[in-house]
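Heads up: the protein sequence lines correspond to chains P and S, in order.
Quick note on the numbering used here: the first sequence kicks off at 1 and runs consecutively.
Quick note on the numbering used here: the second sequence kicks off at 1 and runs consecutively.
Idealized CB from N, CA, C, for every residue including glycine.
Everything below concerns the one structure shown next.
2 protein chains.
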Amino acid sequence: MASHGVRGRGGGRPTLEEVAARAGVGRGTVSRVINGSPRVSDATRAAVEAAVAELGYVPNTAARALAANRTDAIALVVPEPETRFFAEPYFSDMLRGVGAALSDTEMQLLLIFAGSDRERQRLADYLAAHRVDGVLLVSVHADDPLPDMLAQLEIPAVISGPRSAAETLTSVDSDNYGGARQAVEHLIGRGRRRIAHITGRLDVYGAQRRVDGYRDALRDAGHPEDELMIEAGDFSEEGGRGAMAALLERRPDLDAVFAASDVTAAGARHALREAGRRIPEDVALVGYDDSAIARHMDPPLTSVRQPIEEMGRSMIDLLLAEVADRRPPASRELDRRQVVLATELVARASS
Amino acid sequence: MASHGVRGRGGGRPTLEEVAARAGVGRGTVSRVINGSPRVSDATRAAVEAAVAELGYVPNTAARALAANRTDAIALVVPEPETRFFAEPYFSDMLRGVGAALSDTEMQLLLIFAGSDRERQRLADYLAAHRVDGVLLVSVHADDPLPDMLAQLEIPAVISGPRSAAETLTSVDSDNYGGARQAVEHLIGRGRRRIAHITGRLDVYGAQRRVDGYRDALRDAGHPEDELMIEAGDFSEEGGRGAMAALLERRPDLDAVFAASDVTAAGARHALREAGRRIPEDVALVGYDDSAIARHMDPPLTSVRQPIEEMGRSMIDLLLAEVADRRPPASRELDRRQVVLATELVARASS
DNA sequence: AGGTACTGTGGGAGCGCTCCCACAAGTGAT
DNA sequence: ATCACTTGTGGGAGCGCTCCCACAGTACCT
């Protein structure tokens, strides 16, 4: 019998109070049960659970958030202005991992775009209002002020792809260095001798690490150093095409190329075709990401697979841990965590 | 200065009350100002706005949600269990449109996965708790109970890709029928006479519409009907391959194929290659979606582009309108809206 | 017997808003 | 001058929770 002050509420969903009345206990006890407190007798717990089931009670998140000063939500912030990153399988794979990890919890996932200035401002207000318990950061550039803002607001955050070796935030990354080594060692194993590298955007730490891996793999195999075999790309197809053309000009005798991304490799492939080089007979080609493009390229592209879904999972695990044990930031810095996950080479016909 | 009852709150963010004190007005007045009520004098409004700026006040969403019984959040529900859909550019493009449309509002976007049974259950609880003001539904199958659940809970919802011609929810879709016609008419224009079609999953309404478009385009061009030229696929690469093989067996003289998706076309391409048919010399190939795969295929694939980003935008616009004017469901049914956006053929070397 | 320590429980206070009623002050018709 | 509105404003009540204090009951020491 909906009684006093019914404000057109959607059919009067049951409240904690009603559950308490039904179970013949106090409000506090119901709260303890639904929050899994151990300080409740078994009999009482059973009675409350029965009442919850009978009434179809679902806690009101807003009330809980207001009273407990937490939100049970985390945000995934996508700072990319040009949403290039966004269209890559990278994004959806990570989302899948994040979603899977989250489905074990009560946490909700908010998607926040911070490309434009206005979106940035909105994000800043949003974070200032502490409307999420934690933040997942992907694809952040070295000069982005976001991580510092987060640190200042003391909002737990995990970043995918550390900005540098000195990353202060908890981070999850794939082994860019090792992945590059795998690619180059694979090419060496295939008998290639003059292996070039088209880099990614070098303001991205992971791209730098791939260059390091490329260099070290060659050095360890006793190959002479040759800076002319390295050309800067920017992860784009056009960049790959241009870089490949430059490399062919400088080192027409090259017999293999390791590209910092599959899209870059696709660009390189065009340039190679135009120059009349066959893949893999004349020039072997290896990409990075193992995206759909790699599988559908002609010939199919050998590529380095990152365990992206697993990275998403890891990020959630780390973030939830930080949210849970909310320590003073001082101590937090001591055991900051940098997780690095192994990559895997997927060999195909291009090499 | 922090006085009574400070519960370790994060540095005491200012409240409505504090803004009111600072501006020398009452709480109600501040509330009116921040909610844009017209019933405030200009002088008072200015004073309140100044106080808001000085204090850096940001409203507490939880309190607002609790008091006003709304959440200022909408959910994007992804019901796909196998997240195939998810890896398609389709998803990220739509997300981009949704994000763009949303950035003009105060609404937040929640991403909810409803693949597994557990996720389903969580979603049901979530919706029952009215934790979002509206729901965006993508990639919903004909037998999914979700739309009905939404209707019963009276939660505004917009669906992308109506489940049938009799869709009861507000929907946004691209013109599958027209897109298929464009593809077939393009092939006819190129002088092709024996045009086959590999369908998508026929339990998806859009796939049916593409078949209709294919049929009508041929009929209108005076081509004889030939059911043997149609083979069922399932949007997958493997399905495309198998369907192509079957078609070649039945109609070895076919000279063109319209595939219901780019991925399907990629599968068809493999089968054609294996059969020794050249593309486009022997058989012209047209796909659907204009995904990255189409651009990177060899030869590049002619494909039908859907205005997906625009669809995302439209969905948000429609949903927010429904959220805003919360009418009784009865009247809502009368002017339910079905928006259909035009497609565009992107001609490439495969046809 | 008295103390101390727990365990389980009830319920007051309060989280920061919105809603709405009350009311002061101004405006115009009667 | 009286009444009836309108406009702008203040502040009480209440949204549904969590937190925490108080307290009854039981158990185990001295």
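Residue-level contact to chain S via CB, residue i, 7 Å cutoff
i	result
Phe113/P	yes
Gly99/P	yes
Glu227/P	no
Leu110/P	yes
His270/P	no
Cβ-based neighbour list, residue i, same chain, cut-off 8 Å, excluding 5 preceding and 5 following
i	result
Val304/P	Gly179, Ala180, Gln182, Ala183, Val286, Gly287, Tyr288, Asp289, Asp290, Thr343, Glu344, Leu345 and Val346
Glu106/P	Asp72
His4/P	Note that His4/P has pLDDT 30, beneath the 50 cutoff, so the model's placement of it is unreliable and no number is given.
Arg355/P	Outside the modelled stretch of chain P, which goes from 1 to 351, sits residue 355/P, for which no answer is possible.
Contacts around residue i, its chain only, beta-carbon distance under 6 Å, and the 5 residues preceding and following it disregarded
i	result
Ile230/P	His197
Val371/S	Residue 371/S is absent from the model: chain S starts at 1 and stops at 351.
Asp125/P	none
Ser171/S	Ile159, Pro162 and Gln338
Glu227/S	none
Thr302/P	Val286, Ala347, Arg348, Ser350 and Ser351
Asn176/P	Gly206, Arg209 and Arg210
Ala265/S	Ala259, Leu285, Gly287 and Leu301
Buried/exposed call for residue i, threshold 16 Cβ in 10 Å
i	result
Arg327/P	Any reading at Arg327/P is ruled out, since the residue's pLDDT is 45, under 50, leaving its predicted position unreliable.
Asp352/S	Any answer about residue 352/S is impossible in this case: the structure gives chain S only from 1 up to 351.
Gly191/S	exposed
Arg39/S	exposed
Asn35/P	exposed
Ala271/S	buried
Arg269/S	buried
Asp220/S	exposed
Arg96/P	buried
Gln121/S	exposed
Gly99/S	buried
Gly200/P	buried
Gln108/S	buried
Glu322/P	buried
Gly233/P	buried
Secondary structure of residue i, DSSP reduced to three states
i	result
Leu95/S	helix
Asp104/P	coil
Thr61/P	helix
Thr302/P	strand
His223/S	coil
Leu345/P	strand
Leu285/P	strand
Gly267/P	helix
Ile155/P	coil
Ile293/P	helix
Glu54/P	helix
Leu76/P	strand
Leu256/S	The question names Leu, yet the displayed sequence has Ala at residue 256/S. DSSP places Ala256/S in strand when its eight states are reduced to three.
Leu169/P	coil
Leu202/S	coil
Val33/P	helix
Ile230/P	strand
His186/S	helix
Gly134/S	strand
Ala114/S	coil
Test: residue i CB closer than 7 Å to a CB of chain P
i	result
Gly178/S	no
Arg131/S	yes
Phe91/S	yes
Val40/S	no
Glu18/S	no
Ile293/S	yes
Val48/S	no
Ser303/S	no
Glu310/S	no
Glu281/S	no
Thr170/S	no
Gly28/S	no
Other residues of its chain near residue i: CB distance less than 7 Å, five sequence neighbours each side excluded
i	result
Ala101/P	Gly312, Arg313, Ile316 and Asp317
Val33/S	Val40, Arg45, Val48 and Glu49
Asp203/S	His141 and Ala142
(message) Would you call the region 274-283 of chain P in contact with the region 249-256 of chain P, where contact means no fewer than 3 C-beta pairs closer than 8 Å?
(response) yes
(message) Using a Cβ distance threshold of 8 Å, determine whether the region 147-162 of chain P contacts the region 209-221 of chain P, with at least three qualifying pairs required.
(response) no
(message) Closer than 8 Å is the cut-off here; do at least three beta carbon pairs connect the region 61-70 of chain S with the region 62-75 of chain P?
(response) yes
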